[in-house]
Amino acid sequence: MKIIRLFNELLGTYGDRGNAEILQYRLAARNIDCEIIDISYNQKIPTDGDFYLIGGAEDKAQILASKKINENKILKSISEEGKVILAVCAGYQILGESFYAQDEKHEGARIFPIESTPGVGRMVGDLLLETEFAGKLTGFENHGGVTKYLDAKLRPFAKVIKGNGNGDKKVDGAIIRNTFGTYAHGPILARNPKFADYLISLAISSPITELKDSISDQYYQARIKALS
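Numbering follows the numbering used here, in which position 73 of the sequence shown is assigned residue number 73; successive positions increment by one, without gaps.
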């Protein structure tokens, strides 16, 4: 399997690159061969990946990454094919209709029917979320944007138990097909092994066996307890 990590030199500010290593580890533990392929800003996005990971960044890097993604509609087509895409924070905003950075409005990849606008103050701190597919998740948010749905039928990534999420303290992120957007750093897959396994099951189109990993499970339970 191929894990495509997009523009890490631009979208690697908050450690979200670690999501690739977690997927690689959990695939290898199930004897599934995989490789991490870093696609830089100057390279074409390949279409033969199984996972596509997009991380967070500051404004200048977010603008540059968005322009490169929007040079063609490859990522939108990949999403429409049902490939697994995980986009975090700035990456999540990039996949929407539009977002603001450096006090200007910028066009997004138009995968999610969302728009992100400046909020009042910065939203920083722990997130405790509730999902339909992986139970409770934890993460860390650090963003100034507020994200609104342009389609009332859009499926949220999660309900917010603690934190701000999209900015309304009710929901975080969005899901369309097998494309997931969230404000949760962590890296989110390191903090939430069940979510990582859920993404793997989507990519292989089959349920997977439970992975006995006591260290990851203990850390997960400790974070849930601390935030509950």
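For glycine and all other residues, C-beta sits at the position ideal for the given N, C-alpha and C. Being a predicted model, the structure only gives us computed values, none of them experimental.
Per-residue burial, Q93 [other beta carbons within 10 Å of its own, 16 or more giving buried]:
Flag for Q93 reads buried.
C-alpha gap between D217 and G18, whole angstroms
Cα to Cα, D217 sits roughly 17 Å from G18.
Between the CA atoms of I3 and R177 - distance to the nearest angstrom:
18 Å
With the cut-off set at 8 Å, would you say T13 and A57 are in Cβ contact?
yes
I need the DSSP call for Y183, collapsed to helix, strand or coil.
Coil, per DSSP.
Do you know how far the Cα of G144 is from the Cα of Y183?
11 Å
In chain order, what residues of the same chain have a beta carbon less than 7 Å from the beta carbon of K76, not counting five sequence neighbours either side?
A109, R110, I111
To the nearest angstrom, report how far apart I63 and R30 are at their CA atoms.
38 Å
Can you give the Cα-Cα distance for D243 and K225, rounded to whole angstroms?
The question about residue 243 has no answer here: the residues shown for the chain are numbered 1 through 228.
With distances taken from CA atoms, which of N166, S66, M123, Y52 is nearest I200?
Y52
Going by the beta-carbon positions, is the gap between E115 and G96 smaller than 8 Å?
yes
Applying the 10 Å Cβ sphere with the 16-neighbour rule, what's the burial state of S66?
buried
Label P207 either buried or exposed according to how many other C-beta atoms from any shown protein chain fall within 10 Å of its C-beta, with 16 as the threshold for buried.
exposed
With a cut-off of 8 Å on the beta carbons, I'd call A28 and R5 a contact; round off their distance for me.
Between R5 and A28 the Cβ distance is about 16 Å, and since that is not below 8 Å, they are no contact.
L137 versus D126: straight-line alpha-carbon distance, rounded:
Near 11 Å, if we compare the C-alpha coordinates of D126 and L137.
I161 and L129 look like a contact to me (Cβ under 8 Å); what is the Cβ gap, rounded to whole Å?
6 Å
Going by the CB atoms, is the gap between L23 and A61 shorter than 8 Å?
no
Beta strand (DSSP E) runs contained entirely in the region 16-103, provided each spans 3 or more residues:
35-39, 51-54, 84-88, 98-101
Sequence-distant residues of its chain with Cβ nearer than 6 Å to D38 (five each side left out):
For D38, the CB contacts under 6 Å within the same chain, skipping 5 residues up- and downstream, are R5, N8 in chain order.
Determine, using beta carbons only, whether D16 and V84 come nearer to each other than 8 Å.
Cβ distance not < 8 Å, so D16 and V84 don't count as in contact.
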